[in-house]
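Below is one structure; the comments refer to it alone.
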Amino acid sequence: MNKGGGVKKMKYVLVTGGVVSGLGKGVTASSIGVLLKACGFRVTSIKIDPYLNTDAGTMSPFEHGEVFVLDDGGEVDLDLGNYERFLDIKLTRDNNITTGKIYQAVLDKERRGDYLGKTVQVVPHITDAIQEWIERVAMIPVDGQPGPADVCVIELGGTIGDIESMPFTEALGQFSYRVGAGNFCLIHVSLVPVLSVVGEQKTKPTQHSVRGLRSLGLTPNILACRSTLALEENVKKKLSQFCHVPAENIITLYDVSNIWHLPLLLRDQKAHEAILGALNLHGIARDPNLKEWTSRAELCDMLLEPVRIAIVGKYTGLSDSYLSLLKALLHASVSLRKKLVVDWIPASDLEDETAKENPDVYKAAWKLLKGSDGVLVPGGFGDRGVEGKILAAKYARENRIPFLGICLGMQIAVIEFARSILGLQDANSTEFDPDTKNPCVIFMPEGSKTHLGGTMRLGSRRTYFQVMDCKSAKLYGNRGFIDERHRHRYEVNPDMVSRLEDAGISFTGKDETGQRMEIVELPNHPYYIGAQFHPEFKSRPGKPSALFLGLVAAACGQLDSLSHAHKIPNGMAKKVSLYQNGNATKFAKIPADGIYSSCNGVHA
Ligand code: GLN
1 MNKGGGVKKM
11 KYVLVTGGVV
21 SGLGKGVTAS
31 SIGVLLKACG
41 FRVTSIKIDP
51 YLNTDAGTMS
61 PFEHGEVFVL
71 DDGGEVDLDL
81 GNYERFLDIK
91 LTRDNNITTG
101 KIYQAVLDKE
111 RRGDYLGKTV
121 QVVPHITDAI
131 QEWIERVAMI
141 PVDGQPGPAD
151 VCVIELGGTI
161 GDIESMPFTE
171 ALGQFSYRVG
181 AGNFCLIHVS
191 LVPVLSVVGE
201 QKTKPTQHSV
211 RGLRSLGLTP
221 NILACRSTLA
231 LEENVKKKLS
241 QFCHVPAENI
251 ITLYDVSNIW
261 HLPLLLRDQK
271 AHEAILGALN
281 LHGIARDPNL
291 KEWTSRAELC
301 DMLLEPVRIA
311 IVGKYTGLSD
321 SYLSLLKALL
331 HASVSLRKKL
341 VVDWIPASDL
351 EDETAKENPD
361 VYKAAWKLLK
371 GSDGVLVPGG
381 FGDRGVEGKI
391 LAAKYARENR
401 IPFLGICLGM
411 QIAVIEFARS
421 ILGLQDANST
431 EFDPDTKNPC
441 VIFMPEGSKT
451 HLGGTMRLGS
461 RRTYFQVMDC
471 KSAKLYGNRG
481 FIDERHRHRY
491 EVNPDMVSRL
501 EDAGISFTGK
511 DETGQRMEIV
521 ELPNHPYYIG
531 AQFHPEFKSR
541 PGKPSALFLG
551 LVAAACGQLD
561 SLSHAHKIPN
571 GMAKKVSLYQ
581 NGNATKFAKI
591 PADGIYSSCN
601 GVHA
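Per full-length UniProt numbering, residue 1 is the first one in the sequence shown, and the count goes up by one each step.
Here it is, written out as structure tokens:
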């Protein structure tokens with residue numbers, strides 16, 4: 001194992017997907033990382049997205065799920081969030097490779113004349129650039145320890161055979177040869193469907209996709225087959241024969257009650273043995289230690305007492321759009337021994353317009369909001385649903401319902417306060433009303449170091465607590481400052497701060513200049529907090545993010561004991577008893593991820 005010294009060879013695990021997309025390749029790859037980490041190795045990861053966008057910054061959450069933000073300001077695919085959460089690491093923007101980034105690097109080189117008059121081609125120039133990128137990025141330490149990791153898990157997005165991914169499959173074929181046997185392990189995630197008429201597990205799609213993989217110069221060491229139930233022995237045998245993969249290297253990823261079971265599922269089927277064998281690591285690995293994962297996965301299944309959190313947002317039809325947010329809520333709920341129930345409320349359904357046009361929808365939305373134990377208004381761009389979010393914030397403030405506003409959600413809370421308490425009827429953000437006479441949220445750009453003309457305040461920035469006697473400072477363990485990730489252009493207008501504070505709201509966290517408001521609180525409310533940053537990106541299973549923990553604790557009436565503990569979250573875990581009297585039957589359907597939703601089919 002690498003302790004930072006000595007020359008050693010990086011080991012690579014490549015995860016590809018076949019048959020269909022959406023097999024959970026990202027979570028599988030993360031779980032493989034968890035398993036290797038449990039065997040004592042340091043693990044890093046790279047996600048390849050074969051699209052032309054340079055990064056995920058411009059992509060709609062409707063289409064692609066949330067844009068995940070890294071410490072360095074990288075706007076990346078949400079799978080990097082899975083890696084960070086599962087492996088407890090911090091990745092860099094370069095850990096997400098896209099076709100756009102590779103072509104841009106090659107074209108920049110070409111313009112500089114670095115190719116010395118040669119014809120620049122996909123093979124070898126693009127394929128070389130891909131391999132160099134992987135080798136370079138794999139060496140970046142991501143776990144806070146010096147020196148490179150032992151193993152790099154590379155996930156190739158998309159499905160084998162896609163036109164878009166061809167340069168990557170070619171490059172990876174060359175790469176496997178270059179790093180050599182014993183340093184490269186290919187895991188192919190595939191689907192074994194069951195035809196309901198005959199109830200038979202069908203192997204043909206997997207056979208075809210493995211054939212496709214081989215024709216591209218890639219040989220799978222392990223097959224990970226998604227199927228509803230465990231694969232039958234004869235099915236494994238057939239796959240083994242046709243795909244030339246030993247039966248013991250064929251793993252079934254059958255449906256589990258929550259995704260934390262996945263590393264356990266892999267371990268139970270001895271996936272680590274197969275990987276360690278392919279990577280020549282048998283001698284130095286320890287038996288996987290997954291105690292913490294096991295107890296968390298089991299605990300999550302046992303939780304009965306629900307805590308209902310209403311998410312009042314824009315993309316409520318697609319849970320991937322708010323993936324990190326859901327995870328952060330889940331981490332907090334599990335640590336407080338509560339079963340998370342998310343009530344999705346499209347913000348515009350709360351607006352007066354909907355009352356006129358679609359009264360039933362309006363009534364249903366308000367009923368959900370009123371039935372919730374806590375309200376969360378997430379980040380967002382664009383003015384759709386803004387008035388509905390303001391109504392939700394007002395409702396939470398006036399009725400003393402625990403409230404957390406994130407980024408746009410914080411701006412909403414300030415606008416609502418200015419309108420209702422200062423009586424400034426047209427108070428608004430200049431993002432939504434450039435001509436407002438009372439701009440309490442204004443454009444406060446920050447020059448980007450990496451994007452020409454970029455104005456977004458992106459990545460990790462420091463927040464200093466202004467007073468220690470406030471809920472947020474206590475939740476963060478009485479630290480003087482915190483580093484959290486940002487992604488926004490607008491902020492609370494510093495010229496309006498004293499007026500707002502005189503009226504009773506308190507800006508308890510600011511940046512180093514004192515000009516940027518980072519945290520806002522209502523001191524006389526059970527829990528009413530807004531944060532200009534996105535704490536959800538740094539929440540981890542077992543280490544829930546402070547403000548989410550506060551929201552959920554307040555929503556179940558436990559905030560006091562939490563603040564008194566001054567410890568997050570372990571001190572808390574011991575204090576809270578396990579509830580036995582919940583109405584489990586009401587939420588009988590077990591979701592894939594431990595998050596229960598009042599909205600059909602929407603869970604992460
Ligand atoms: N649209 C707002 C801004 O740019 C909020 C952004 C966000 O919520 N991420 O400041």
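Cβ atoms here follow ideal geometry from the backbone N, Cα and C, with glycine treated the same way.
GLY33 sits in a helix when the DSSP states are folded into three classes. Judged by pairs of C-beta atoms under 8 Å, the segment 522-542 touches the segment 402-410, as three or more such pairs exist. Each of GLY379, GLY380, PHE381, CYS407, LEU408, GLU431, ARG487, HIS488, ARG489 and TYR490 has a C-beta closer than 6 Å to some heavy atom of the ligand GLN; these make up the full list, in chain order. Beta-bridge partners assigned by DSSP to CYS225: SER190 and THR252.
Annotated three-state conformation of TYR103 is helix, per DSSP.
Fully contained in the segment 154-206 are the following beta strand (DSSP E) runs of length 3 or more, in chain order: 184-191. Here TYR527 carries a coil assignment [DSSP, helix/strand/coil].
Separation of the CB atoms of LEU323 and ILE345 is rounded to 18 Å, and the pair is thereby denied contact status at 8 Å. Assignment of LEU329 by DSSP, reduced to helix, strand and coil, places it in the helix class. Three or more beta-carbon pairs separated by less than 8 Å are not found between the segment 257-268 and the segment 171-188, which leaves the two stretches without contact. Residues SER429 and VAL441 of the same chain have their beta carbon placed closer than 6 Å to that of GLN411, with the five preceding and five following residues left out of the count. The three-state secondary structure of ALA310, taken from DSSP, is strand. Apart from sequence neighbours up to five positions away, the residues of its chain that approach ALA396 with a beta-carbon distance below 6 Å are VAL375 and PHE403, ordered along the chain. Here the C-alpha atom of LEU340 lies approximately 6 Å from the C-alpha atom of PRO306.
Ranked by how close their Cα comes to the Cα of ARG178, the residues ILE134, THR28, HIS331 and GLU501 have ILE134 in first place.
Here the alpha carbons of VAL43 and LEU500 stand approximately 47 Å from one another. Assignment of MET517 by DSSP, reduced to helix, strand and coil, places it in the strand class.
Per DSSP, ILE284 lies in no alpha helix (DSSP H) segment and is marked neither H nor E. Residue pairing of TRP293 in beta bridges, as defined by DSSP: absent, with no partner found. For the beta strand (DSSP E) assignment, the uninterrupted runs of no fewer than 3 residues enclosed by the segment 29-88 are, from N- to C-terminal side, 43-49. Distance check between PRO193 and each of LYS204, LYS356 and ALA473 places LYS204 closest, using alpha-carbon atoms only. LEU216 is positioned such that its CB atom lies no closer than 7 Å to that of LYS11. By a beta-carbon distance limit of 8 Å, GLU518 contacts ALA531. Their separation comes to about 7 Å. For ASP49 against THR98, the beta-carbon gap comes to about 5 Å, under 8 Å, which counts as contact. The criterion of a C-beta distance shorter than 7 Å is satisfied by CYS185 and ILE275.
For TYR395, the uninterrupted alpha helix (DSSP H) segment begins and ends at 386-398. Secondary structure in the segment 342-428: the beta strand (DSSP E) runs of 3 residues or longer, each lying completely within the stretch, are 374-377 and 403-406 in chain order. THR28 is positioned such that its CB atom lies no closer than 7 Å to that of ALA297. Per DSSP, the unbroken beta strand (DSSP E) holding PHE443 starts and ends at 439-443. Secondary structure of ARG489 (DSSP, three-state): coil.
Cβ-Cβ distances below 6 Å link LYS389 to VAL312, ALA347, VAL377 and ILE412 in the same chain, with the five nearest sequence neighbours on each side left out; the list follows chain order.
Boundaries of the beta strand (DSSP E) harbouring PHE465: 457-465, taken from the DSSP string. Contact between ASN221 and ILE187 holds: their C-beta atoms lie close to 7 Å from each other, under 8 Å. Bridge pairing for LYS339: PRO306 [DSSP]. At the C-beta level, ILE529 and LEU549 stay beyond 7 Å of one another.
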